[in-house]
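Comments concern the structure below.
Numbering (the UniProt record's numbering), first residue to last: 1 to 338.
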């Protein structure tokens, strides 16, 4: 009996202890799984950083599983508050007021005085609340001037300014274009709101991270998401500028002078003299170019002729001496008798 009681005594409390440990581990695993699911659903809201959000949620779930049941019970509350803030009015996708249109026009106008027309166009743009983005004026000849201007005016004054510029002289050509970018503006605004929420979540995770590896990983995620947010903000600023201010390109020219129009008849003596002089100068220019191109060949030919001439002179100055035949010796004469 004592042996049986001794064997049963430690077994009775052992079962509740195992059940308690198993229940604690199960609770911690469930909490970590719920936290990972909530963070994964929240990270899917960002189209540009979906993969990056999954990595940061995984690191947070790993930190929660290491922290234990107590820490895991506190973090889901933060996740629920983040979901509630996303569902709150004014925190979702921003709504664009009306339509957003990019308007551009090009005018080609003939005016009597380009400087006066440029001053009038500048005053008109500035009076409408706009500005002159670019101006380029050049002199075509001694009597004519042309100018190229790029004007930025508010959209609500666009039509008035356009009519005034077209009526400042003789309208030669006009081109207008309107592009509706409302969907693009709404999309960029929505992505900016989602990206800001994503950056805020990563910063909150960095505040709660305890291990160095998690901090390093979250810093990389934060840098990537901030870069994407800055790119979206730049797109938003560009769209706002182009939809708020319309662009008008204005080209101004002066008409031809009456003297130039009167001189378009039959050519006279002076015209013929000028044409002959131009032809003579052109001929001299071509002759000079031909001489310059043939100068090396002429120099080489002159050297060859000089060498041949010297060789011929040497041949004439030293003629061949003819050979003289040998004379036989005279025979001795015999003395005469006497």
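The beta carbon of each residue, even a glycine, is placed where N, CA and C say it ideally should be.
Look up residue i in the DSSP assignment and say whether it is helix, strand or coil.
i	result
residue 154	strand
residue 249	strand
residue 111	coil
residue 106	strand
residue 307	helix
residue 101	strand
residue 133	strand
residue 138	strand
residue 94	With a pLDDT of 45 at residue 94, under the threshold of 50, the predicted position of this residue should be treated as unreliable, though the coordinate-derived value follows. Correct three-state label for residue 94: coil.
At the level of alpha carbons, what is the spacing between residue i and residue j?
i	j	result
residue 204	residue 121	54 Å
residue 164	residue 192	39 Å
residue 188	residue 146	41 Å
residue 279	residue 268	17 Å
residue 160	residue 230	36 Å
residue 135	residue 214	55 Å
residue 195	residue 206	17 Å
residue 308	residue 315	11 Å
residue 243	residue 119	26 Å
residue 233	residue 247	22 Å
residue 100	residue 150	21 Å
residue 110	residue 245	25 Å
residue 419	residue 129	There is simply no residue 419 to check, as the chain begins at 1 and stops at 338 in what is shown.
residue 417	residue 238	Nothing in the structure corresponds to residue 417, since the chain is present only between 1 and 338.
residue 154	residue 241	10 Å
residue 253	residue 199	54 Å
residue 140	residue 170	19 Å
residue 286	residue 306	29 Å
residue 296	residue 288	14 Å
residue 274	residue 132	45 Å
residue 183	residue 190	11 Å
residue 249	residue 271	40 Å
residue 86	residue 236	Residue confidence is low: residue 86 scores 41 on pLDDT, short of 50, so the model does not pin down where it sits. No coordinate-derived value is stated.
residue 312	residue 299	20 Å
residue 142	residue 303	54 Å
residue 292	residue 137	42 Å
residue 283	residue 294	17 Å
residue 144	residue 256	8 Å
residue 197	residue 216	20 Å
residue 290	residue 166	55 Å
residue 123	residue 108	19 Å
residue 112	residue 223	59 Å
Answer with buried or exposed for residue i, where buried requires no fewer than 16 other C-beta atoms within 10 angstroms of its C-beta.
i	result
residue 262	Here residue 262 scores only 49 on pLDDT, less than 50, and its place in the model is too uncertain to base an answer on.
residue 152	buried
residue 168	buried
residue 114	buried
residue 116	exposed
residue 310	exposed
residue 209	buried
residue 125	buried
residue 185	buried
residue 225	buried
residue 218	buried
residue 221	buried
residue 201	buried
residue 339	What the structure shows of the chain is the stretch from 1 to 338, and residue 339 is not part of that stretch, so it cannot be assessed.
residue 162	buried
At a Cβ threshold of 8 Å, is residue i touching chain B?
i	result
residue 124	Although the question refers to chain B, the structure presented lacks it and comprises just one protein chain.
Task: Segments of 4+ residues assigned as alpha helix (DSSP H) that fall wholly inside the stretch 169-218 - done: 182-208
Open item on the list: With a threshold of 8 Å, are at least 3 pairs of Cβ atoms found where one atom belongs to the stretch 103-121 and the other to the stretch 174-189?
Closed with: yes
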